[in-house]
Amino acid sequence: MDKKPCNSSSQDVEVRKGPWTMEEDLILINYIANHGEGVWNSLAKAAGLKRTGKSCRLRWLNYLRPDVRRGNITPEEQLLIMELHAKWGNRWSKIAKHLPGRTDNEIKNYWRTRIQKHIKQAENNITPGQNFEVNDQASTSQVSISSAAVDTMEITHAAPANYPPNMDAYPSSLPADHSHENYWSIEDLWSMQLLNGE
DNA sequence: AAACACGTCAACCGCCTCTAC
DNA sequence: AGTAGAGGCGGTTGACGTGTT
């Protein structure tokens, strides 16, 4: 699809990139609330967003959808991710289907930033008797983890050092999005959307 | 207080697959 | 059967916040 320039030169609309603004989010939420999702390219145009259809789709699926859960991956979810990744490798969307409210992007990020790091640490500490193989490069990557190794990782992951002491205290509406100064919660956006009327 | 290092995650990129024509 | 457009997916990057020195 994007093998060709996305601006069909006939209409030289400049395409916005980078972080989404609150206004753009509201426009997208509003539009989808009224017209439904799908046919993203025409949706983007019809909604008056200077974004590609792909960008709109990604924003909706990963952030704006009302059922999306953010932050605070539970130890159960983490174990499930590890199990499914061992089974399927980097099939993030497939894995995400088994974690309601989680997106492939979130799981992918979680895996790369948290689990992979700890796997490497565990790899370094692994004793010869333990069965622990990691091949995290290819998309066919497989992880086979002995129960002992899982236990070890579970301990480290349930409360990684860089986590707040009480993960459960994380408000679900305060995403791991503490990183952006102009963040707004989805609840805010949805309530504004409701206030705008339909 | 400033500088640097590190961690996190939203968003983009490029490729692949599917579908309609 | 070939082509083009759209959606989906996995990999990667860049910006920003936080921790450390």
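In this text, residue positions in the first sequence follow this note's numbering: the first is 527, and each later residue adds one. Glycine is no exception: its CB is placed at the ideal position from the N, C-alpha and C atoms. In this text the structure is predicted, and so the values were computed from the model without any measurement.
- Looking at C-beta atoms only, is the number of pairs between the region 575-591 and the region 606-623 that lie closer than 8 Å three or more? no
- Item | Buried versus exposed call for His561 [16 or more other C-beta atoms within 10 Å across all chains shown] | exposed
- Query: Where does Thr600 fall in DSSP's three states?
  - Reply: coil
- Query: Shortest alpha-carbon distance to Thr629 belongs to which of Glu540, Arg596, Trp546, Leu552?
  - Reply: Arg596
- Item | C-beta contact flag for Glu603 and Leu625 at 8 Å | yes
- Message: Taking 8 Å as the threshold (C-beta atoms), are Gly579 and Ile553 in contact?
- Response: no
- Opening and closing residue of the alpha helix (DSSP H) in which Gly579 lies: 579-585
- Message: Cutting at 7 Å between CB atoms, please list the residues of its own chain near Lys576, excluding the five before and the five after it.
- Response: Val539, Glu540, Val541, Arg542
- Task: May I ask which residues mark the beginning and end of the alpha helix (DSSP H) holding Ile621?
- Result: 618-623
- Item | Secondary structure of Asp593, DSSP reduced to three states | coil
- Reduced DSSP category for Arg542 - H, G, I as helix; E, B as strand; rest coil: coil
- Query: How would you label Pro545, buried or exposed, when you count the other beta carbons within 10 angstroms and need 16 or more for buried?
  - Reply: exposed
- Task: Run the CB neighbour count on Glu550, radius 10 Å, all protein chains shown included, and call it buried at 16 or more, exposed below.
- Result: buried
- Message: Please report the distance separating the alpha-carbon of His644 from that of Lys634.
- Response: 15 Å
- Message: Does Ser568 pass the burial test, meaning 16 or more other C-beta atoms within 10 Å, or should it be called exposed?
- Response: exposed
- Message: Judging by CA-CA distance, which residue of Thr547, Ala570, Thr600 is the nearest neighbour of Ile558?
- Response: Ala570
- Would you decide whether Met548 is buried or exposed? Buried here means 16 or more other CB atoms lie within 10 Å of its CB. exposed
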